[in-house]
Amino acid sequence: MPPDQPSASGPPSVPKSDPKSDPKSDPTGELAGDPARRHDGLLDLTSLERHLAGHGLALDRDFGARRFSRGFGNVNFLVRVDGDHAVLRRPPPGPLPRGANDMGREYLILSRIHARFPFVPRALHFCDDRTVLGVPFLLMEYCPGIVIADEMPQPLLSGWAGAEPPGAVLAGRMARLLAQLHEIPPQEVGLERLGKPDGFAERQVRGWKERALSSWDHQPPKSVALLVDWLESHAPEGSRVSLIHNDFKLDNIILDEATLAPRAVIDWDMGTLGHPLYDLAILLSYWTESADPSVMHDLRQMPTARHGFPGREAMARLYGEEAGIPLGDLPYFRVLASLRLAVVFRQIYRRYQVEGATKERLSAFSHLAEGLAGFGVDVARGRYF
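So for the sequence shown, this note's numbering puts the first residue at 563; every next one is plus one.
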């Protein structure tokens, strides 16, 4: 079922997020909006101005702060500092999942890898003083370009003149980007202590099991229990350690709007040291194919079911060729990433439940979380790659 067509009998589609909350738009255009709603009470400009001045940085109060399109994660604002556009990132309001929305971690990674991996924004400033905005935040370079979420922009499709379809071009570039990231020796960029690679897979299973129990009030659906049992009875054969992004997907890449060349990979707040195939598996967990069951189309994260994108197995091969890494352990990490994604959407459900979202919105996330766990069981049983 195409994602833009409603199901007559199945669960409702997850409400579409706007294009990622990222630096992608004309700063004088669609970002401006109603000045009264630009920062929704999440940004005290007077406090921010005072803090930045104490660090030799000048905030342009006439420009103000303009919130980027909303997604499900961190909140991003376009500001002007020392005469240049910059992006201020802060966590969303409310309780946060453990290990997510870590602005200090993101600032550290951006600061360290830019020389070896130029496809990241420059880190400009980090503040962990909660008296300023109530939460830690960072400033980073503004990178213009486009971000593609669940649909390909129509102007891009109508003006595309490449020899290959845009999906094929994007897939190749994503495989290359991910391989280039995984080639960086963590010790050469001062990130050898970023995570605990020993026992990485087992720790991930244990952590996502705990989060599943918590988010389902210790009564997870049978599919979640099956995923955990499968993971606990299997183990990856190899042991590799790379710097991993931990949420690498299409809408975390800023692209040149004409050529689709990558300009920046963003959202590094969960970056760590781990197995590179887990990064690939996370990407594939969002990767929809045309013959997938409806839940994968309801996911509406990337437009990979059309536009010349390869299937998941072909994408995995592309990465393997770029990285020179055997893919024998990929099935294990595919199942782990499936568990992760189901729990993430259940956590979003719980967050919106606390915030008093509509029954329709809550129902969509609840159905999606359970459906993704069920699809993960199909992956574990070899029914889907």
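Here a beta-carbon is modelled for each residue, glycine too, at the ideal position from N, C-alpha and C.
Using CA coordinates, which residue listed in the options is at the minimum distance from residue i?
i	options	result
L692	V641, L880 and P653	The question names Leu, but residue 692 is Arg in the sequence shown. Of the candidates V641, L880 and P653, the one whose C-alpha sits nearest the C-alpha of R692 is P653.
M877	A737, S900 and G936	A737
G734	Y894, T866, K921 and G890	T866
G729	R868, R913 and G886	R868
G933	D690, L901, K771 and R825	L901
F639	G645, A627, V786 and G666	A627
S852	P838, F895 and R874	R874
L604	G696, S631, L805 and G761	G696
D624	M858, D644, H613 and T821	D644
L805	L753, G666 and S720	L753
C689	R755, L610 and M858	L610
P698	M665, S928 and G886	M665
Y669	D809, V767, I710 and L700	L700
V786	S720, V897, L846 and A723	V897
Y948	I708, D646, S777 and H617	The displayed coordinates of the chain run from 563 to 947. Any statement about residue 948 would go beyond what the structure contains.
V709	E764, S673 and A820	A820
Note down the Cα distance separating residue i from residue j, rounded to an integer number of angstroms.
i	j	result
G635	N814	12 angstroms
V941	V694	46 angstroms
A741	T608	43 angstroms
S795	R923	35 angstroms
Y946	P717	33 angstroms
I910	G656	12 angstroms
M714	D791	38 angstroms
P872	P683	28 angstroms
V637	A620	21 angstroms
S587	P706	Because the pLDDT of S587 is 44, which lies under 50, any placement of that residue in the model is unreliable, and the question is left without a value.
A685	L861	31 angstroms
G757	H807	12 angstroms
D712	F895	24 angstroms
F762	R802	10 angstroms
D602	R667	25 angstroms
R678	Q749	12 angstroms
Q863	L822	18 angstroms
H687	H617	9 angstroms
P824	D818	6 angstroms
D972	D809	Any property of residue 972 remains undetermined from this structure, which presents the chain solely from 563 to 947.
P888	R879	9 angstroms
T850	A904	15 angstroms
A598	L719	Confidence at A598 is low in this model, with a pLDDT of 41, below 50, so the placement of that residue should be treated as unreliable; the coordinate-derived value is given next. Computed Cα separation, rounded: 35 angstroms.
D760	W722	46 angstroms
K784	H613	50 angstroms
Would you please state the rounded distance, in angstroms, between the beta carbons of residue i and residue j? I believe it to be under 8 angstroms.
i	j	result
A662	D779	Actually they do not touch by this definition, with Cβ atoms about 20 angstroms apart.
I671	G833	5 angstroms
F622	R651	Here residue 622 is Asp; the residue named in the question, Phe, does not match the sequence. Not quite, the Cβ-Cβ distance comes to about 18 angstroms (not below 8 angstroms), so this is no contact.
A931	R908	4 angstroms
G882	G800	Not quite, the Cβ-Cβ distance comes to about 13 angstroms (not below 8 angstroms), so this is no contact.
F681	L739	6 angstroms
A648	M702	7 angstroms
Within the continuous alpha helix (DSSP H) that includes residue i, where are the two ends?
i	result
E895	A quick correction: the sequence has Phe, not Glu, at residue 895. Taken as a continuous stretch (DSSP letters only), the alpha helix (DSSP H) holding F895 covers L892 to E917.
I844	P838 to S847
F927	K921 to A942
R768	F762 to S777
L718	Q716 to G721
D791	K784 to E794
P728	P728 to H744
V694	R692 to L695
L672	M665 to I675
Tell whether a beta-carbon distance below 8 angstroms holds between residue i and residue j.
i	j	result
L789	G938	yes
A899	A935	no
Y848	K811	yes
P659	R773	yes
V751	I675	yes
G870	E726	yes
L793	V767	yes
P855	A885	no
Residue i lies in the beta strand (DSSP E); which residues open and close that run?
i	result
P683	That residue, P683, is in no beta strand (DSSP E); it is neither H nor E in DSSP.
M858	Element bounds for M858: not the beta strand (DSSP E) but the alpha helix (DSSP H), S856 to L861.
A885	Here A885 belongs to no beta strand (DSSP E); instead the alpha helix (DSSP H) covers R874 to A885.
S852	Segment: none, S852 is in no beta strand (DSSP E) and carries neither H nor E.
E611	No beta strand (DSSP E) contains E611, which is instead part of the alpha helix (DSSP H) from L607 to A615.
L700	F699 to E703
I816	I815 to L817
H647	D646 to R652
A826	P824 to V827
I806	S804 to I806
R642	V637 to V643
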